[in-house]
Amino acid sequence: MSTQNHPLELPEGSPLVRFSGVTKRYGDLTVLDNLDLDVGAHEMVSVIGPSGSGKTTVLRMLMTLEKIDEGVIYVDGKPLSHMERNGQLEFANEKYLRTQRTNIGMVFQQFNLFPHMTALENCIEAPINVLGMKRDEAEERALNLLDMVGMLEKKDQHPTRLSGGQQQRVAIARALAMRPKVMLLDEVTSALDPEVIGEVLNVIRALNSEHKLTMLMVTHQMGFAREISDRVCFFYEGKIAEQGTPDQIFNDPQNERTKQFLSAVLDAN
Amino acid sequence: MEWRWDFTIEILPRMLSAMLNTLLAAGIGYTIALVVGLIFLLGQRTKFRLCNWIVRECVEFIRSTPLIVQLFFVYFVAPQFGLVLSAWVSAMLTIGLHYGTYLSEVYRGGLEAIPRGQWEACRALNLSPARTYFRVLIPQALPASLPGMGNYLVGIFKDTPMLSTIGVVELMHTANALGAETYRYLEPYTMVGFMFLIISLPTAAWLRKFERYVGRSMGITK
Ligand SMILES: Nc1ncnc2c1ncn2[C@@H]1O[C@H](COP(=O)(O)OP(=O)(O)OP(=O)(O)O)[C@@H](O)[C@H]1O
Ligand SMILES: [Mg+2]
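As given, the protein sequences belong to chains A and B, one line each in that order. Letter 146 of the first sequence, counting from 1, is numbered 146 in my numbering, and no numbers are missing. Letter 222 of the second sequence, counting from 1, is numbered 222 in my numbering, and no numbers are missing.
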């Protein structure tokens with residue numbers, strides 16, 4: 001078994017998230033190739049790289065939207081993709097996934113708000129039904145979060161009545177309402193008109209600086225990645241080709257691929 | 001043959017009470033079909049492959065045989081295997097199952113029109129499968145399914161005359177009986193046609209209004 005070298009638990013003081021030798025294939029196509037990736041508590045890690053390099057896939061695997069093929073993903077020291085059975089790791093079943101998945105929240109490129117619920121209803125649905133919160137308590141928390149993202153006034157609006165930027169801010173509040181330990185952001189500004197990108201980036205800035213939330217963010221916005229990240233990972237063909245501080249990656253890239261990618265992206269802007 | 005108003009008025013009470021039976025049959029049959037359709041839909045989407053396959057085959061089988069054959073089978077053949085059901089029960093069961101298969105397809109179309117991201121959001125929020133279906137997916141599938149659902153409501157209504165063949169005393173059955181008793185056919189059958197018309201037309205118009213209302217009130221259309 002490919003999980004033999006993987007411990008049942010990570011030792012104290014290990015990073016909050018660890019991908020250990022993770023491989024994901026779609027048919028013949030290897031999308032993640034023996035990937036190792038750590039994200040420490042309170043760390044802001046950006047993922048950049050060319051289209052098709054596996055950036056979204058990393059987030060989808062961590063969100064447990066799909067199964068990985070090899071390796072193990074750990075969150076908070078415990079296996080996420082796998083569970084222990086008779087002293088061995090085996091693929092996690094749905095029941096186990098449901099206990100672990102609450103640690104992780106995700107914000108999508110296309111927002112994916114529930115269109116038949118108001119902004120507030122979007123933010124209390126899961127806290128009430130998954131975390132078992134009382135309605136009053138869930139609403140109070142949701143209102144605080146909507147206030148934090150600047151959407152308190154629109155709490156009773158349905159998503160169809162909101163701009164893209166507003167919808168995305170509600171989606172961030174909805175994910176935060178579940179109190180995840182790690183937030184995953186997949187190109188959260190890519191579907192937005194340029195003039196509303198700033199309002200969403202401001203929310204993410206606040207999450208980073210005031211709340212010190214652990215975040216793993218896929219982005220095409222190099223300026224933002226450079227400004228906000230503790231670490232930047234450059235993905236190429238399902239692997240991390242290079243990683244380092246924003247300064248190292250953007251000012252002094254070592255890898256040829258990184259240099260090519262950055263010059264292509266910076267030329268385009 | 002001349003139209004006789006006195007005869008028309010004489011048979012009107014019997015026709016109207018038969019009309020009530022027709023409406024009752026359509027209403028009950030449709031209600032059963034709505035629920036059966038949901039069961040057929042969910043029964044094909046479980047995590048048990050065998051269950052999905054069995055339900056799928058049943059749906060295909062029921063869909064590809066005529067309603068009247070099923071009706072005769074349940075009412076005339078089933079008793080020979082020890083299953084004796086009254087005309088009404090046979091009728092409701094058969095219509096419910098038959099139209100349930102159509103409605104499950106309507107629901108399925110509605111579900112498949114929902115973007116994949118909705119399912120992903122449910123999973124990311126850790127909602128249970130039941131919550132995912134009943135709180136998020138089905139309510140969104142509803143507006144897209146309503147036109148199809150409306151068509152089958154009218155469809156069931158228009159199929160109720162078939163029930164006369166197994167002795168359910170609805171409009172057609174009553175018109176047949178009146179014809180046999182009085183040898184006058186013009187008035188009874190004309191009245192049947194007219195009564196269907198005055199129910200069908202406004203229902204269809206009301207359904208369209210209802211579709212718009214639902215879309216708006218759910219906030220899905222502006
Ligand atoms: N469900 C799937 N079935 C088959 N192939 C898939 C599937 N999902 C992703 N892929 C493939 O996996 C590769 C990586 O996809 P991924 O979405 O992770 O790329 P990405 O780095 O996020 O790209 P982009 O910048 O365009 O969003 C792509 O080649 C894609 O076509
Ligand atoms: Mg992507």
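Glycine included, C-beta positions come from ideal geometry on N, C-alpha and C.
If we define contact as Cβ-Cβ less than 8 Å, is residue i a contact residue for chain A?
i: B/GLU120; result: yes
i: B/PRO147; result: no
i: B/VAL36; result: no
i: B/VAL168; result: no
i: B/PRO79; result: no
i: B/GLN140; result: yes
i: B/GLY117; result: yes
i: B/GLY193; result: no
i: B/GLY219; result: yes
i: B/VAL74; result: no
Using CA atoms only, rank isn't needed, just tell me which of the options is closest to residue i.
i: A/PHE19; options: A/TYR26, A/LEU80 and A/GLY27; result: A/LEU80
i: B/PRO161; options: B/GLU112, B/PRO202 and B/ILE95; result: B/ILE95
i: A/GLY238; options: A/ASP38, A/VAL149 and A/GLY52; result: A/GLY52
i: B/THR132; options: B/SER145, B/PHE196 and B/GLY117; result: B/GLY117
i: A/ASN93; options: A/GLU66, A/ASP38 and A/ALA119; result: A/GLU66
i: A/VAL265; options: A/GLU242, A/GLY223 and A/ASN5; result: A/GLY223
i: A/GLN166; options: A/VAL75, A/SER14 and A/LEU201; result: A/LEU201
i: B/LEU153; options: B/ASP6, B/ALA205, B/ILE54 and B/GLU10; result: B/ALA205
i: B/GLU120; options: A/GLN88, A/LEU113 and A/CYS123; result: A/LEU113
i: B/ALA144; options: B/ILE54, B/GLU170, B/ARG49 and B/GLU105; result: B/GLU105
i: A/ALA41; options: A/ARG231, A/LEU143 and A/GLU242; result: A/ARG231
i: B/SER200; options: B/PHE157, B/VAL74 and B/ARG208; result: B/PHE157
i: B/GLU170; options: B/PRO188, B/ARG184 and B/THR182; result: B/PRO188
Hey, how far is the Cα of residue i from the Cα of residue j?
i: A/ASP247; j: B/ARG108; result: 52 Å
i: A/PRO253; j: B/GLY219; result: 49 Å
i: B/ILE198; j: B/LEU12; result: 15 Å
i: B/LEU111; j: B/ILE138; result: 7 Å
i: B/VAL214; j: A/ILE249; result: 52 Å
i: A/ALA171; j: B/SER164; result: 56 Å
i: B/GLN70; j: B/ILE166; result: 11 Å
i: B/ALA78; j: B/VAL84; result: 7 Å
i: A/ASN272; j: B/ILE114; result: Outside the displayed span of chain A (1 to 269) sits residue 272 of chain A, for which this structure offers no information.
i: A/MET1; j: A/LEU10; result: Residue confidence is low: A/MET1 scores 47 on pLDDT, short of 50, so the model does not pin down where it sits. Its coordinate-derived value is still stated next. So the alpha carbons of these two residues sit roughly 19 Å apart.
i: A/GLY13; j: A/LEU120; result: 37 Å
i: A/GLY150; j: A/ARG25; result: 40 Å
i: B/MET172; j: B/MET195; result: 11 Å
i: A/PHE234; j: A/ASN122; result: 34 Å
i: A/LEU8; j: A/ASP69; result: 18 Å
Applying a beta-carbon distance threshold of less than 8 Å, which residues of chain C neighbour residue i?
i: B/ASN126; result: Looking for chain C here will not work: the only protein chains present are A and B.
State the CB to CB distance for the pair residue i and residue j, rounded to an integer number of angstroms; the pair is presumed to be in contact (CB under 8 Å).
i: A/LEU207; j: A/ALA173; result: Not quite, the Cβ-Cβ distance comes to about 11 Å (not below 8 Å), so this is no contact.
i: B/THR174; j: B/ALA18; result: 4 Å
i: A/GLY71; j: A/THR23; result: 6 Å
i: A/LEU16; j: A/LYS212; result: Not really, about 12 Å apart at Cβ, beyond 8 Å.
i: A/SER229; j: A/MET44; result: 5 Å
Contact criterion: CB-CB distance below 8 Å. Does residue i meet it with respect to chain B?
i: A/ASN112; result: yes
i: A/MET217; result: no
i: A/PHE108; result: yes
i: A/GLU256; result: no
i: A/LEU145; result: no
i: A/MET1; result: For A/MET1, the pLDDT reaches just 47, beneath the cut-off of 50, and the residue's location in the model is therefore unreliable, although a value from the coordinates is still provided. No, its Cβ sits nowhere closer than 8 Å to a Cβ of chain B.
i: A/THR278; result: The shown model of chain A, from 1 to 269, leaves out residue 278 of chain A, and the question about it has no answer.
i: A/LEU65; result: yes
i: A/PRO79; result: no
i: A/THR160; result: yes
Three or more C-beta pairs closer than 8 Å, one from the region 19-38 of chain A and one from the region 51-69 of chain A: is that the case here? yes
Answer yes if the region 47-56 of chain A comes into contact with the region 213-229 of chain A, meaning at least three C-beta pairs across the two stretches below 8 Å, and no otherwise. yes
Would you call the region 112-132 of chain B and the region 92-111 of chain A touching, i.e. three or more CB-CB distances under 8 Å? yes
The region 88-103 of chain B / the region 55-68 of chain B touching (three or more Cβ pairs under 8 Å): yes
Can you find at least 3 beta carbon pairs, one from the region 104-116 of chain A and one from the region 176-196 of chain A, that sit closer than 8 Å? yes
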